[in-house]
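According to this note's numbering, the sequence shown is numbered sequentially starting from 510.
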Amino acid sequence: MAFPELKNDLLLKALKGEPVDRPPVWMMRQAGRYLPEYMELRKKYTFFERVETPELACEITMQPIRRFAPDAAIIFSDILVVLQALGIEVTLNPGEGPRLPNPVNTPEAALALTVPDVKDRLHYVIEALTLTRKELNGQATLIGFAGAPWTLFCYLIEGRGSKDFARAKAFYWQHPEAARHALKVISDTTILYLKAQIKAGAQVVQVFDSWSGLLSPEDFNEIAYPWLKQISDAIEEVPVILFAKGSWYALEGLTQRTNASALGVDWCVTPEYARQATMNKITLQGNFDPSKLLHHPDEITRLVHRMIDRFGAQRYIANLGHGILPYIPVENAGAFFDAVKSWGK
Ligand code: CP3
C-alpha cells in the first residue's frame with residue numbers, strides 16, 4: 510500500500526537514536542475527554558461505537574493533531590478490544606470504567622482460550638489505521654498499540670479495574686498452568702494484532718503494561734517480562750515502545766534483554782536514574798506527572814523545559830508519565846506541546 514510520504518520524522522529519529530534539534534512530543538490519551546470536540550462525539554455515540562467505526566476512530570485520532578500538531582498520532586482504540594477478540598464481553602459505561610460481565614474465574618475457562626482470527630475480529634482497528642495514515646498525510650507518525658499480556662490478564666480475571674488486582678495475582682499463583690496458558694494466548698494474539706496494525710499503517714507500536722508496577726521485581730520477571738520480551742522480539746518491522754508503568758526496577762533488564770527501541774517511564778523515576786539504569790543505550794519516553802498540567806501554563810513551560818534538560822534532548826520522547834486527566838484545561842495541554850517545541854529557542 511502506498512501512503513503519503515512522512516514529512517515529520519522526528520519520532521522515528523528519536524527512536525533510532527539519530528540526532529534531533531528538539532525531542533518529539535505526543536501525549537498518552539491525547540485523544541480524549543479533556544477535548545470539547547471529543548465530548549461532542551461522546552454525546553452521540555457509545556464508547557465502542559466510536560472505537561468500532563473507522564471514520565469515528567480516525568476523526569478522534571485527528572482531533573489533537575489539528576489542535577496541537579504533536580509529532581505522533583496514537584490510534585483511538587482501547588487495549589480491551591483484544592479481550593473482546595478472545596470472545597470476552599467488555600462494556601464501558603461513562604463514569605464506571607470497564608466491566609467484564611463474565612470474567613474468567615476458573616482454570617477450565619482460562620485453558621479454553623484460543624487465539625482468534627484477529628484480522629477478522631479486529632478489522633475495524635485495521636481499517637481505522639489505514640484511514641488515519643492517509644488522513645495524517647505525513648504530518649505526524651502513526652502509533653499503533655496493544656495492552657501487555659499481564660495487564661490484559663488483570664482485567665480478564667478481575668472483570669473490572671482494581672487498585673491491586675489481587676484476584677488476578679491469586680489466580681496466577683493458584684493456577685499457574687492455566688494462567689500461563691491465558692497469558693500465552695493473549696501474547697500470541699497480540700503479536701498477530703500488532704503485525705496487522707503495522708501492515709495497515711502503524712509506523713511505531715507501543716505496548717502498555719499499565720499494571721506491571723503492582724508486581725514485585727521477582728514476580729515481574731516471572732509473570733510480565735517473558736511476554737514483553739516475546740512481543741518485542743517478534744516485532745522487527747517497526748520500532749517498539751514498552752511502557753511497564755511502575756516497574757522502575759525493570760528498566761535495565763528491558764534495555765539489555767529485549768528488542769525494544771524505547772522504554773516509557775512514569776514520574777516516580779528521576780530522569781537521572783532512568784538514564785543510568787538504561788546506560789544511555791535506549792530512547793526514553795515520559796515522564797511528566799499528568800496532575801502537573803493543572804499548573805499555570807507558564808509553570809508548565811518551565812517544568813517541561815527542566816524535564817527535557819534533565820533527560821537530554823537526544824534519545825528522548827517528551828510525554829506524560831501516564832494518560833492525560835479528563836479535567837485538564839485544553840490551554841494547559843497546549844502549553845505542554847508548545848513548551849517542547851520552544852525548548853532550546
Ligand atoms: O492514548 C490515546 O489517545 C489512545 C487511546 C487509548 C484509550 N485507551 C482510549 C480510551 C489508549 C492507548 C488506551 C489504553 C488503555 N485502556 C489502557 C492502557 C493505558 C493506561 O491508561 O494505562 C488501559 C488500562 C485501558 C483500559 C481502559 N479504557 C480504562 C481503565 C478506561 C476507563 C478510563 C476512565 O477513566 O473512565 C478506558 C476507556 C477509555 N479508553 C477512554 C478513552 C479515551 C475514556 C472513554 C470515555 O469515557 O470517553
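For glycine and all other residues, C-beta sits at the position ideal for the given N, C-alpha and C.
Environment of residue i [buried if 16+ CB atoms lie within 10 Å]
i	result
ASN611	exposed
TRP720	buried
PRO658	buried
HIS805	exposed
THR699	buried
GLY604	exposed
ALA675	exposed
LYS672	exposed
THR555	exposed
ARG559	buried
GLY795	buried
LYS901	Outside the modelled stretch of the chain, which goes from 510 to 854, sits residue 901, for which no answer is possible.
GLU561	buried
ARG457	Residue 457 lies beyond the residue range present for the chain, which begins at 510 and ends at 854; the question has no answer from this structure.
LYS854	exposed
GLU782	Per the sequence presented here, residue 782 reads as Tyr, with Glu not at that position. The residue is exposed, with fewer than 16 neighbouring Cβ atoms inside 10 Å.
ARG689	buried
For residue j and residue i, believed in contact at Cβ under 8 Å, the rounded distance
i	j	result
THR570	ALA582	5 Å
THR779	THR764	About 16 Å; that fails the 8 Å criterion.
GLN572	LEU601	Between LEU601 and GLN572 the Cβ distance is about 19 Å, and since that is not below 8 Å, they are no contact.
ALA842	LEU802	6 Å
VAL813	ARG531	Contact flag wrong, Cβ pair sits at about 11 Å.
PRO533	LEU515	Not confirmed; about 12 Å, so no contact.
GLY832	ARG538	3 Å
VAL529	GLN823	7 Å
GLY541	PRO838	With a Cβ gap of about 14 Å, GLY541 and PRO838 do not count as contacting.
ILE695	PHE662	6 Å
ALA705	SER741	Not confirmed; about 17 Å, so no contact.
LEU638	ILE584	6 Å
PHE820	PRO579	No, PHE820 and PRO579 are not in contact; Cβ-Cβ is about 17 Å, not under 8 Å.
Distance cut-off 6 Å: residue i Cβ against heavy atoms of ligand 1
i	result
ALA540	yes
MET537	yes
PRO799	no
PRO610	no
GLY653	no
PRO607	yes
PHE717	yes
ASP587	yes
ARG642	no
PHE556	yes
ARG551	yes
GLY670	yes
ILE574	no
ILE695	no
GLY832	yes
ILE583	yes
Residue of the options minimising C-alpha distance to residue i
i	options	result
PRO748	LEU661, PRO685, GLY653, ASN796	GLY653
ALA733	THR600, ALA691, PRO616	ALA691
SER800	ARG630, TRP776, ALA822	TRP776
LEU760	THR792, ALA511, VAL560	THR792
TRP757	ARG766, ALA743, ASN768, VAL774	VAL774
ASN737	GLN715, GLU727, LEU601	Looking at the sequence provided, one finds Leu at residue 737 rather than Asn. Nearest option by C-alpha distance: GLN715.
PRO513	GLY710, ASN730, GLY755	GLY710
GLY596	GLN683, LEU622, TYR825	LEU622
ILE826	ASN768, GLU549, THR650	THR650
ARG642	GLU727, LYS708, SER725, PHE680	LYS708
ALA679	GLN648, ASP728, VAL634, PRO735	ASP728
ILE588	ILE695, GLY656, GLU731, PRO607	GLY656
GLY668	TYR633, GLU564, VAL599, ALA594	VAL599
PRO616	PHE820, ASP818, TYR681	TYR681
LYS522	TYR782, ALA687, GLN712	GLN712
LYS754	GLU746, PRO726, ILE740	PRO726
VAL627	GLN593, VAL613, PRO607, LYS553	GLN593
TYR633	LEU550, CYS567, ALA511	CYS567
PRO625	LEU701, LEU665, ILE666, GLN683	LEU701
HIS684	ARG576, LEU620, GLU745	LEU620
Any non-hydrogen atom of ligand 2 closer than 6 Å to residue i Cβ
i	result
ILE740	Ligands present in the displayed structure are limited to ligand 1, and ligand 2 is not among them.
What ranges does the beta strand (DSSP E) occupy inside the segment 545–629, keeping only unbroken runs of at least 3 residues that lie completely in it? 581–583, 600–602, 606–608
At what residue ranges does the segment 774–844 contain a whole run of the alpha helix (DSSP H), taking only runs of 4 or more? 780–786, 806–820
Any chance you could list the alpha helix (DSSP H) runs of at least 4 consecutive residues sitting entirely within the segment 672–720, in chain order? 675–683, 685–709
Suppose only complete runs of 4+ residues qualify. What are the alpha helix (DSSP H) ranges in the segment 632–657, listed by chain order? 632–645
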